[in-house]
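See below for the structure under consideration.
In this note's numbering, the protein residues as written are 203 to 284.
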């Protein structure tokens with residue numbers, strides 16, 4: 203039983219640290235650079251030079267998944283307590 207407890211704590215502690223770190227990152231910096239256009243707002247297209255990025259709508263930033271979940275939960279709580 204002692205081996206199981208040490209294994210569980212070895213796996214659980216880093217997972218908690220990573221989760222809390224990502225939650226803090228989402229709170230401090232809710233937007234991340236778009237992965238498709240690398241934050242420029244335009245993607246290279248052949249034969250044209252570039253075209254607007256459809257993923258971020260030429261903003262170069264996208265809302266992080268964790269922040270999107272937090273916003274949804276906040277909105278759900280707000281609507282449920284009215």
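Cβ coordinates follow ideal geometry from the N, Cα and C atoms, glycine included. Bear in mind that the values here come from a model prediction, so they are computed numbers and not experimental data.
Exercise. So the alpha helix (DSSP H) residue 226 belongs to, where does it begin and stop?
Worked result: Segment 204 to 230, the alpha helix (DSSP H) holding residue 226.
Problem set entry | Simplified DSSP state of residue 238, which is helix, strand or coil | Coil, per DSSP.
Exercise. From residue 210 to residue 221, what does the alpha carbon distance come to, in whole angstroms?
Worked result: For residue 210 and residue 221, the distance between alpha carbons rounds to 16 Å.
For this session: Check whether the Cβ atoms of residue 239 and residue 262 sit closer than 8 Å, and answer yes or no.
Result: Yes, they are a contact pair.
Exercise. Expressed to the nearest angstrom, what Euclidean distance is found between the alpha-carbon atoms of residue 283 and residue 276?
Worked result: Those two C-alpha atoms are separated by around 11 Å.
For this session: Rank 280, 279, 214, 266 by C-alpha distance to the C-alpha of residue 225 and give the top, closest one.
Result: Put simply, of 280, 279, 214, 266 the residue whose alpha carbon is nearest the alpha carbon of residue 225 is 266.
Exercise. Does the distance from the CB of residue 236 to the CB of residue 258 come in under 8 Å?
Worked result: The answer is yes: Cβ separation under 8 Å.
Exercise. For residue 251, which of helix, strand or coil comes out of DSSP?
Worked result: Of the three classes helix, strand and coil, the one that applies to residue 251 here is coil, per DSSP.
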